[in-house]
Amino acid sequence: MSQYITPMLNSDELIYAINVWDVQTLAKEKIGRELTFQEMNVVKKGIEWGFYDWFVIVNFAIESAAGINSNKRV
């Protein structure tokens, strides 16, 4: 699986991903330390909750992207 989207648009390519390093880097910037295992689980649940309606966000992004090719703003 590729980490980045390529012009080939393979179906197994990731569009977006958040890994432990990303979260720990933000934690160090925000609170000055890395998160514990328990804190990371709370963050994971929060991210999962935030992506519950991911299809709404993707649909909006698709409409915006399609607007680029039809010379209109969505």
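Residue numbers (the working numbering): 106 to 179.
Glycine included, every Cβ here is placed at the ideal spot set by N, Cα and C.
Bear in mind the structure is a predicted one, so any value in this text is a computation, not a measurement.
query                                                                                                                         : result
Taking the straight line between their C-alpha atoms, what separation do you get for Glu118 and Val148?                       : 25 Å
With respect to the alpha helix (DSSP H) encompassing Glu118, which residues constitute its N-terminal and C-terminal limits? : Neither: Glu118 is in no alpha helix (DSSP H) and is coded neither H nor E.
Could you tell me the boundaries of the alpha helix (DSSP H) in which Ile167 lies?                                            : 159–174
Is Gly137 helix, strand or coil when you go by DSSP?                                                                          : coil
Do the CB positions of Val128 and Met145 come within less than 8 Å of each other?                                             : yes
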